[in-house]
Amino acid sequence: MGLHVTHFEPEPRQVEACTSDAWRLADGLAHASQNWTGASGRRYRHTIHTLIACPVLPEANYLMVRREADGSRQVLRIARTRHQSMSLNLAEIRQCAARIGANEIHVHLLACSLEDRTKIEADLRAGLFAELSAEPALRPDSGLLC
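Sequential numbering of the sequence shown, starting at 108, is according to the working numbering.
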């Protein structure tokens with residue numbers, strides 16, 4: 108099984124439109140940021156939020172991270188929001204993060220479309236594969252969304 112990483116660049120007009128909206132939203136939310144690099148070598152800026160202080164989220168990419176007392180970080184999950192409802196996105200993220208032991212949510216708001224978010228998710232998963240922690244297995248009857 109081979110890995111095929113595609114490189115994509117949104118059109119300049121599209122980047123300008125979605126960037127201004129995303130940064131306007133992120134401006135009041137973020138206190139810190141982190142760049143994560145995908146397998147393509149592309150870097151994605153993520154705003155960092157504690158699990159408790161994470162705001163409602165629009166359609167976005169995110170990483171669930173466990174930050175240790177010594178400041179080191181372990182990526183537990185790489186995903187994207189699935190709903191247009193920002194409060195539903197937050198509820199699902201909090202439920203899943205609490206279950207797997209994440210205490211930070213790193214959010215990337217600059218993808219302009221579902222296609223871009225899907226490509227970013229795949230790029231980050233491939234690039235951070237060695238760092239990803241195995242998620243606990245779910246029982247089919249657990250009812251959890253994660």
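Where is the CB? At the ideal position from N, CA and C, for every residue including glycine.
Is the CB-CB distance between residue 167 and residue 187 below 8 Å?
Yes; because the gap between Cβ atoms is below 8 Å, this pair is in contact.
Could you give the first and the last residue of the continuous beta strand (DSSP E) run that contains residue 220?
Segment: none, residue 220 is in no beta strand (DSSP E) and carries neither H nor E.
Let me check understanding here. Comparing Cα to Cα, which of 139, 162, 151, 145 lies closest to residue 218?
It is 151 whose Cα lies nearest to the Cα of residue 218.
Select from 234, 179, 185, 153 the residue whose C-alpha is nearest the C-alpha of residue 207.
Cα-wise, what sits closest to residue 207 is 185.
Leaving out the 5 sequence neighbours to the left and right, which residues in its chain are closer than 6 Å to residue 161 when beta-carbon positions are compared?
Answer for residue 161: 212, listed in chain order.
Which first and last residues belong to the alpha helix (DSSP H) in which residue 170 is found?
Unbroken run through residue 170 is the beta strand (DSSP E), 168 to 174; no alpha helix (DSSP H).
Hey, out of 154, 229, 220, whose CA is closest to residue 190's CA?
It is 220 whose Cα lies nearest to the Cα of residue 190.
Going by DSSP, which residues form a beta bridge with residue 157?
Partner(s): 211.
Taking the straight line between their C-alpha atoms, what separation do you get for residue 192 and residue 177?
The straight-line gap from Cα to Cα measures roughly 35 Å.
Please name the residue or residues paired with residue 184 in a DSSP beta bridge.
Partner(s): 171.
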